[in-house]
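Student: Here the sequence shown is numbered in the working numbering, starting from 519 and rising by one per residue.
Provided herewith is a single structure, encoded as structure tokens, for subsequent inquiry.
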Amino acid sequence: MRLGLILLAGTALSASAPALAQEQAAPAAEDAGTSPEIVVFGQGQTRQVQQLSNADIAILAAGSSPLKAVEKLPSVNFQSADPFGAYEWSTRITIRGFNQNQLGFTLDGIPLGDMSYGNYNGLHISRAISPENIASTTVSQGSGSIDTQSTNNLGGTLEFTSMDPAAMLGTANQALDFNATAGSDNTYRGFVRGAIGKADAARIMASFAYGTADKWKGDGKQRQWAVNAKAIVPVGNVDFEGFFSHSDRAEQDYQDLSLEMINRLGYDWDNFGPANYQLALQVADIAANRGDSGTTPLNPAAGTTYPGKIKSVDDAYYDASGLRRDTLASIGLKAPIGENVTFKLKTYLHKNEGQGTWGTPYVNSPTGVPMAVRTTEYDIDRKGVFGSLAFDVAFNKLTVGAWYENNDFEQARRFYAYASRSNPGRDHLKFMRNPFFTQWDIAFNTKTYQYFVEDEIKLGDATISLGWKGFKVDNKARAIVAGGRTVGDLSTKDWFQPHAGVNYRFGGGVEAFAGFTQVTRAFASATTAGPFSSTQAGFDAIKPYLKPEQSDTYELGLRVTEGAFRGVLGAYHVDFRNRLLTIATSVGIVGAANALQNVGNVRAQGIEASGEYRFDFGLSLFASYSYNDNTYRDNVVVRDSAGNVTSTVLTRGKTVVDSPKHLAHAEIAYDSTSVFGRISVNYMSKRYFTYTNDLVTAGDGKGFVPSRALVDAAIGYRFDAGLRQPLEIQANVTNLFDKRYIATIGSNGFGNIGDNQTFLAGAPRQVFVTLKAGF
519 MRLGLILLAG
529 TALSASAPAL
539 AQEQAAPAAE
549 DAGTSPEIVV
559 FGQGQTRQVQ
569 QLSNADIAIL
579 AAGSSPLKAV
589 EKLPSVNFQS
599 ADPFGAYEWS
609 TRITIRGFNQ
619 NQLGFTLDGI
629 PLGDMSYGNY
639 NGLHISRAIS
649 PENIASTTVS
659 QGSGSIDTQS
669 TNNLGGTLEF
679 TSMDPAAMLG
689 TANQALDFNA
699 TAGSDNTYRG
709 FVRGAIGKAD
719 AARIMASFAY
729 GTADKWKGDG
739 KQRQWAVNAK
749 AIVPVGNVDF
759 EGFFSHSDRA
769 EQDYQDLSLE
779 MINRLGYDWD
789 NFGPANYQLA
799 LQVADIAANR
809 GDSGTTPLNP
819 AAGTTYPGKI
829 KSVDDAYYDA
839 SGLRRDTLAS
849 IGLKAPIGEN
859 VTFKLKTYLH
869 KNEGQGTWGT
879 PYVNSPTGVP
889 MAVRTTEYDI
899 DRKGVFGSLA
909 FDVAFNKLTV
919 GAWYENNDFE
929 QARRFYAYAS
939 RSNPGRDHLK
949 FMRNPFFTQW
959 DIAFNTKTYQ
969 YFVEDEIKLG
979 DATISLGWKG
989 FKVDNKARAI
999 VAGGRTVGDL
1009 STKDWFQPHA
1019 GVNYRFGGGV
1029 EAFAGFTQVT
1039 RAFASATTAG
1049 PFSSTQAGFD
1059 AIKPYLKPEQ
1069 SDTYELGLRV
1079 TEGAFRGVLG
1089 AYHVDFRNRL
1099 LTIATSVGIV
1109 GAANALQNVG
1119 NVRAQGIEAS
1129 GEYRFDFGLS
1139 LFASYSYNDN
1149 TYRDNVVVRD
1159 SAGNVTSTVL
1169 TRGKTVVDSP
1179 KHLAHAEIAY
1189 DSTSVFGRIS
1199 VNYMSKRYFT
1209 YTNDLVTAGD
1219 GKGFVPSRAL
1229 VDAAIGYRFD
1239 AGLRQPLEIQ
1249 ANVTNLFDKR
1259 YIATIGSNGF
1269 GNIGDNQTFL
1279 AGAPRQVFVT
1289 LKAGF
């Protein structure tokens, strides 16, 4: 591994230091108090929930996604092919077997949609806010609180809270923090943030971050810059809050692999990249001559024999990338109305321009090049508003709220020409312009109406939570360029989704909780996901029978807070109905329409445990474990457009794809006045990647990737340099023992059986050094 040892000029975010971050991190809930705990185990809650402070992000390598921090929690399965957990094509998070697009995500209440790579209704948290500016992350493993602005969350929710400028200002009227990082594979990142005002009066902070790194294998770069700003202005008893974020991200992709490819070509195999343009042309010419790509041969002299170990045109592509530009802004207020009523209101907007590019050998450029740039293009224009009224009356806290969003989303598939055989003339890190062909272009409008009612009743040592939420989501798709893709209208409506829970404090730091939640998931509005990703004939045939996915979650547990120990033990049972199965019908780069239908039920059940013990001298021990048994309850009956049964796929009793039965995390951390550090191990058991759990033949049970355990380490030192915050140096090593493993599964979806190109290899050992300070 290459290790860059030149530190960018700069210093650091003061909240990055573990000890300091504990003092600065704002709680996600108003009544969470000012606990210095890094992990809060949800004391007083009627459901399974944990909260992480910014310290858990700060101890990671600078620039790491907050999703990488939450992988320590029970039932959370997180994967990424890069050391930061931020490379979006590879990033996956599942909770209790529910995948990423079945979870809910918000930032300060602003909906982030399903945070998938081809997001149609939001954006990834790594683009919404720089990780240094996140004060806390609240994870609910169940279906989350009913006031969450989400119609995706069959499973859990992740609620991110941005830092209050007051946490940075302290007793000063102005403050400046910055950090600089250098490390493996020419990684360089800088972050600077300033704040002015008074902690108990008008205050504002703004930050700028820039990072760039070479891919850890192959040829290419991944880079991002972002601007964040937040202001809080009290006017009398009313607090006004504004937030702004702009992000520009460009990532060249890694090649998706299969098990056969890993055995034949190795974990380090990748796309050809800009450095190997001529080799990419040679393979494309050979594929055309053989008839593998279906394109007109342009160079018969290239022959029909692939070079070296290459056996297929899909072994590697010339280049690929993900490009995203996002602007997110919000204005909100919080105001008391009398003594017992609190009113909150926030409005937001989000604009996105995105392209996913692929150098495809399946289409020739009109310039005589046997490849073209294939894009999937995304344009989002969302506007929304949400608010609530909370009434504190006697032993009741009654809250009613509502959310409305209008989302215009346009998705297109276009092709762009490479300039010539000697010069591609295209940079996959830049947005493509001037296409020679538009295959399809579909405009979606999605209107979301949601409300909730919740009453929290305190009766002595018992807290009872009762309520419900309801929503109506209207999806409309119209063709700008039809291209054989689906258009039409679809609606999801469920005005009563009940939630109920109870918490009882026994005394002595012991409490019990139990809850029930019923939720419905709205249909997705995208040509590459959900019902609209099917053919028009398939959509028309299934529409009268299509049902939205629903889940019923039951959970119970015990929490203990006794001296230096805090922990939780829980159990859950989930009934998931009307599972909507989307099956890819081609390799990803071809992008044919999917097959789709409701295919029955899933049962998920398991146990979860986590705990932390703190010694007086700065040492702490943390561990979590979960056992998750997630199985399909029905076989998949495949029908044709006339409704006739054509086959039956034997999925009953099989384990849900990408849902390891065992997840475990353990860490040892130390933090004194000057020295701090942490070493952690994250274990994940085998994961199935076919719906039948089989690889070659029915019943072989080999459709899985093996278990893996990864070890990360961090160590740092604080110098008392007379600054507002100590000068600090921190070193991080990811994948300490340099394990070769499969990180992401399902990058190109899942199939019934077979070895598909749907894996991404995990990054080898990487080393990063960060310098931090605050003035």
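Note that beta-carbon positions come from the ideal geometry of N, C-alpha and C, so glycine has one too.
DSSP beta-bridge partners for residue 1016?
Tutor: 986
Student: Between residue 477 and residue 722, is the Cβ-Cβ spacing less than 7 Å?
Tutor: Here the chain has residues from 519 to 1293 only, and residue 477 is not among them.
Student: Relative to the alpha-carbon of residue 580, which residue among 568, 652, 642, 633 has its alpha-carbon at the smallest distance?
Tutor: 652
Student: Within the continuous alpha helix (DSSP H) that includes residue 723, where are the two ends?
Tutor: Looking at the DSSP string, residue 723 is not in any alpha helix (DSSP H); the run it does join, the beta strand (DSSP E), is 721 to 732.
Student: Use the C-beta contact count for residue 1208: other C-beta atoms within 10 angstroms, 16 or more gives buried, fewer gives exposed.
Tutor: buried
Student: What residue ranges within the region 799 to 879 form continuous beta strand (DSSP E) runs of no fewer than 3 residues, ordered along the chain?
Tutor: 838 to 855, 859 to 878
Student: If you scan the region 1154 to 1196 from start to end, which runs of the beta strand (DSSP E) of 3 or more residues do you find wholly inside it?
Tutor: Counting only runs that start and end inside the region 1154 to 1196, the beta strand (DSSP E) elements of at least 3 residues fall at 1154 to 1157, 1163 to 1167, 1180 to 1189.
Student: Applying the 10 Å Cβ sphere with the 16-neighbour rule, what's the burial state of residue 944?
Tutor: By the Cβ-count criterion, residue 944 is buried, with 16 or more other Cβ atoms from all chains shown falling within 10 Å of its own Cβ.
Student: Apart from the five residues on each side of it in sequence, which residues of its chain come closer than 6 Å, Cβ to Cβ, to residue 1040?
Tutor: 669, 991, 1010
Student: When you compare the CB positions of residue 979 and residue 1023, do they come within less than 7 Å of one another, or not?
Tutor: yes
Student: Using CA coordinates, which residue listed in 1203, 624, 1167 is at the minimum distance from residue 1177?
Tutor: Checked all of 1203, 624, 1167; the closest Cα to residue 1177 is 1203.
Student: Run through the DSSP bridge pairs and tell me what residue 701 is partnered with.
Tutor: 705, 1286
Student: Which of helix, strand or coil does DSSP assign to residue 1007?
Tutor: Here residue 1007 sits in strand by DSSP.
Student: Suppose you measure from the CA of residue 716 to the CA of residue 1049; what does that come to, to the nearest Å?
Tutor: Approximately 51 Å between the Cα atoms of the pair.
Student: Determine the contact status of residue 508 and residue 749, defining contact as a CB-CB distance below 7 Å.
Tutor: Residue numbering for the chain in the displayed model covers 519 to 1293; residue 508 lies beyond these limits and cannot be assessed.
Student: Give the secondary structure of residue 691 by DSSP, where H, G and I count as helix, E and B as strand, and everything else as coil.
Tutor: Coil.
Student: For residue 760, which residues from the same chain have a beta carbon less than 6 Å from its beta carbon, with the 5 sequence-adjacent residues on both sides left out?
Tutor: 749, 849
Student: Output yes or no for whether 7 Å exceeds the beta carbon distance between residue 934 and residue 903.
Tutor: no
Student: Return yes when the Cβ of residue 987 is within less than 7 Å of the Cβ of residue 664, no when it is not.
Tutor: yes
Student: Need the endpoints of the beta strand (DSSP E) that residue 739 sits in, please.
Tutor: Run containing residue 739: 739 to 753, per the beta strand (DSSP E) assignment.
Student: How would you write the range of the beta strand (DSSP E) that residue 902 sits in, first residue to last?
Tutor: 890 to 911
Student: Just verifying my parser: in three-state terms, what is the DSSP assignment at residue 1251?
Tutor: strand
Student: State the CB to CB distance for the pair residue 1220 and residue 1213, rounded to an integer number of angstroms; the pair is presumed to be in contact (CB under 8 Å).
Tutor: 4 Å
Student: Verify whether the separation of the beta carbon atoms of residue 906 and residue 864 is less than 7 Å.
Tutor: no
Student: Assess, as a yes-or-no matter, whether the region 750 to 757 is touched by the region 767 to 776 under the definition of 3 or more beta carbon pairs within less than 8 Å.
Tutor: no
Student: Within the chosen definition, does the region 1265 to 1280 reach the region 612 to 628 through at least 3 CB pairs nearer than 8 Å?
Tutor: no
Student: Label residue 596 either buried or exposed according to how many other C-beta atoms from any shown protein chain fall within 10 Å of its C-beta, with 16 as the threshold for buried.
Tutor: buried
Student: Measuring alpha carbon to alpha carbon, tell me which residue in 881, 689, 785 is nearest residue 955.
Tutor: 881
Student: Ignore the nearest five residues each way along the sequence and tell me which others in residue 729's own chain have a CB closer than 6 Å to its CB.
Tutor: Closer than 6 Å at the Cβ level, and outside the excluded window around residue 729, lie 581, 707, 742.
Student: To the nearest angstrom, report how far apart residue 828 and residue 789 are at their CA atoms.
Tutor: 12 Å
Student: Do residue 993 and residue 1043 have their C-beta atoms within less than 7 Å of each other?
Tutor: Taking 7 Å as the cut-off, the beta carbon of residue 993 is found closer than this to the beta carbon of residue 1043.
Student: Unbroken beta strand (DSSP E) runs of length 3 or more, entirely within the region 952 to 979: which are they?
Tutor: Taking 3 residues as the minimum length, the beta strand (DSSP E) runs contained wholly in the region 952 to 979 are 955 to 977, in order along the chain.
Student: Taking the Cβ atom as the reference point for each residue, do residue 894 and residue 874 lie within a distance shorter than 7 Å?
Tutor: Between residue 894 and residue 874, the C-beta spacing is below 7 Å.
Student: Let me know the beta strand (DSSP E) ranges lying completely inside the region 619 to 695, each 3 residues or longer, listed in chain order.
Tutor: 622 to 625, 652 to 658, 675 to 680
Student: Mind pulling the alpha helix (DSSP H) runs of 4 or more residues that sit fully within the region 578 to 626?
Tutor: 584 to 588
Student: Within 10 angstroms of its Cβ, does residue 888 collect 16 or more other Cβ (buried), or is it exposed?
Tutor: By the 10 Å Cβ count, residue 888 comes out buried.
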